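J.: Handing you this structure, nothing more for now.
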Amino acid sequence: MIIKVLGSAAGGGFPQWNCNCSNCAAVRQGAPGFTARTQSSLAVSRDGTDWVLLNTSPDLREQLNRTPELGSKSNGGLRNSPIKAAVLTNGDVDHITGLINLREMEPLAVYGSGRVLAVLANNSIFNVLNAEKVARRDLPLGTSTALHSADGDLGLTVEAFAVPGKVALYLEDASKGSDFGTEEGDTIGLKVSDPKSGKAFFYVPGCADVDKDLAARLNGAELVFFDGTLFEDSEMIAAGLSAKTGKRMGHISMSGPDGSIAAFENLGVNRKVYVHINNSNPVLDENSNARRQAETSGWEIGFDGMEIRI
Ligand code: MLT
Ligand code: MN
Ligand code: ZN
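In this note's numbering, the protein residues as written are 353 to 662.
Next up, the structure:
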């Protein structure tokens, strides 16, 4: 399998359009040790021919333009695209709005949980994806689904599983209590497998907690892309950027006794890569203590254009 990180930043990207925090200011100035990042998405292919997007970010057009593998082929007829399917892990703006870029009457399959497909159904702008060409397929939780394009098997399977998380920000319903109306399927993780090679990796870009189930699932994995939104739960409050903790936003932090660095310490995961990194996160400074701490704990900080083959 070939896996490409199309976008390694969380919602808003890096720098974020309206943000003058120290990280965003530094990357805008071209300071050494800071690299701009687009919003959260991966692409995966079994053989480099047909590709599946894992989440579709608002930056998708920019991401496609700098990823030749994902462009139309010169010998492929007047209209063609190697992108055959997209799999969505939640209904967040950073993960679904890129679908609108894929609207030019190209056959495509869009996979998501029932909850996320309902978000698409309830937002009529997604009807620009012509239903005659673009199938919307339910991804059942806890079972393996073979991914299919409009005309055939893509040679990859996906197992979707619920992870601790929160309903998308714009769907929060305060009248429904402290979980804001969150239901199973609002946030999922994916295990993507190539049945031919027996290889598999996990993609969990949004996750509030590594609970027992998730730890057991990830134990011994060859490769995990994981939620790297914040370094410290209260970093956005400390920086004066927001009144919300990471926990309130449905994101586990990297550091601390409840953090992902600690949670993965004994899981025996061969390669651990942070993605969905928020612009407030100090690991975005290559020379920071936070960056050193993450890296000495065996984590890689994902970057746009990162490619991993397994
Ligand atoms: C999140 O991951 O918490 C969201 O993408 C935040 C947002 O909507 O920007
Ligand atoms: Mn997000
Ligand atoms: Zn910022």
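Quick reminder that beta carbons are idealized off the backbone N, C-alpha and C, glycines included.
Please read all numbers here as calculations on a predicted model, not as lab measurements.
1) Which residues in the same chain have their Cβ closer than 6 Å to the Cβ of S397, if we skip the five residues on either side of it in sequence?
2) Where in the stretch 373-429 do unbroken runs of the alpha helix (DSSP H), each at least 4 residues long, occur, reported from the N-terminal end onward?
3) Taking only three categories from DSSP, how would you classify S632?
4) Quick one: using the 10 Å Cβ neighbour count with 16 as the cut-off for buried, is D399 buried or exposed?
5) For L472, collect the residues of the same chain with a Cβ closer than 6 Å to its Cβ; drop the 5 residues on either side in sequence, then sort them by chain order.
6) Do the CB positions of G620 and G572 come within less than 8 Å of each other?
7) What does W651 pair with, by DSSP beta-bridge criteria?
8) Can you tell me whether N633 sits near the ligand ZN, meaning its C-beta is under 7 Å from at least one heavy atom of the ligand?
9) Okay, do the stretch 517-527 and the stretch 414-424 touch, 3+ Cβ pairs below 8 Å being the bar?
10) With DSSP as the reference, identify every bridge partner of S496, one or two as the case may be.
11) Quick check on Q391: buried or exposed, where buried means 16 or more other Cβ atoms within 10 Å of its Cβ?
12) According to DSSP, is I540 helix, strand or coil?
13) Specify, as a first and last residue, the run of the beta strand (DSSP E) that F553 falls within.
14) Could you say which of F513, R600, G602, T648 lies nearest to A567 if we only look at CA atoms?
15) Look at the alpha carbon of T635 and the alpha carbon of V625, and state the distance between them as a whole number of angstroms.
16) For N630, count the other beta carbons within 10 Å of its own beta carbon; 16 or more makes it buried, fewer makes it exposed. Which is it?
17) How about H500: is its Cβ closer than 7 Å to a heavy atom in the ligand MLT?
18) S360 and G654 look like a contact to me (Cβ under 8 Å); what is the Cβ gap, rounded to whole Å?
19) Under 8 Å, Cβ to Cβ, is there at least one residue of chain D near A388?
20) Out of H603, K564, E652, E574, state which residue places its alpha-carbon closest to the alpha-carbon of A552.
21) If you run the structure through DSSP and keep just helix, strand and coil, what is S605?
22) Within its chain, find whatever has a CB closer than 7 Å to the CB of D561; leave out the 5 residues flanking it on each side and keep chain order.
23) Could you give the DSSP three-state label for R644: helix, strand or coil?
24) Using a Cβ-Cβ cutoff of less than 6 Å, which residues in the same chain neighbour T352 once the five nearest sequence positions on both sides are dropped?
25) Drop a sphere of 10 angstroms on the beta-carbon of M668, count the other beta-carbons inside from all chains shown, and report buried for 16 or more, exposed for fewer.
26) Do you know how far the Cα of P367 is from the Cα of F386?
27) Where does D565 fall in DSSP's three states?
28) Mind pulling the beta strand (DSSP E) runs of 3 or more residues that sit fully within the stretch 467-497?
29) Name, in chain order, the residues that DSSP records as bridge partners for R455.
T.: From the atom records:
1) Contacts found: I354, W403.
2) Complete alpha helix (DSSP H) runs here, min 4: 374-380, 412-417.
3) Coil at S632, not helix or strand.
4) Exposed, since its Cβ has fewer than 16 Cβ neighbours within 10 Å.
5) Counting only Cβ-Cβ distances below 6 Å, and skipping sequence neighbours, we find F478.
6) In this structure, G572 lies closer than 8 Å to G620 by Cβ.
7) Paired residues: K624.
8) For the ligand ZN, not one heavy atom lies less than 7 Å from the Cβ of N633.
9) Using a C-beta cut-off of 8 Å, the stretch 517-527 makes no contact with the stretch 414-424, since fewer than three inter-stretch Cβ pairs fall below that distance.
10) Looking at the DSSP output, S496 shares a beta bridge with E511.
11) Answer is buried; the Cβ neighbour count reaches 16.
12) Residue state, collapsed to three classes: strand.
13) Taken as a continuous stretch (DSSP letters only), the beta strand (DSSP E) holding F553 covers 551-556.
14) Considering only alpha carbons, the answer is F513.
15) Per the sequence shown, the amino acid found at residue 635 is Val instead of Thr. Roughly 12 Å between the two C-alpha positions.
16) Buried, because 16 or more other Cβ atoms sit within 10 Å of the Cβ of N630.
17) Relative to the ligand MLT, the beta carbon of H500 is positioned no closer than 7 Å to any heavy atom.
18) Correct: roughly 4 Å between the Cβ atoms.
19) The structure shown contains no chain D; it is built from a single protein chain.
20) Comparing Cα positions, the closest option is E574.
21) S605: strand per DSSP, three-state reduction.
22) A distance below 7 Å between beta-carbons, with the five flanking residues on each side excluded, links D561 to the following residues of its chain, in chain order: P516, I604.
23) Note: R644 maps to helix in three-state DSSP.
24) Absent from the model: residue 352. The displayed extent of the chain is 353 to 662, so no value can be given.
25) Any property of residue 668 remains undetermined from this structure, which presents the chain solely from 353 to 662.
26) Roughly 10 Å between the two C-alpha positions.
27) In the structure shown, D565 sits in a helix (DSSP, three-state: H, G or I).
28) Whole beta strand (DSSP E) segments, 3+ residues: 486-490.
29) The bridge partners DSSP lists for R455 come to none.
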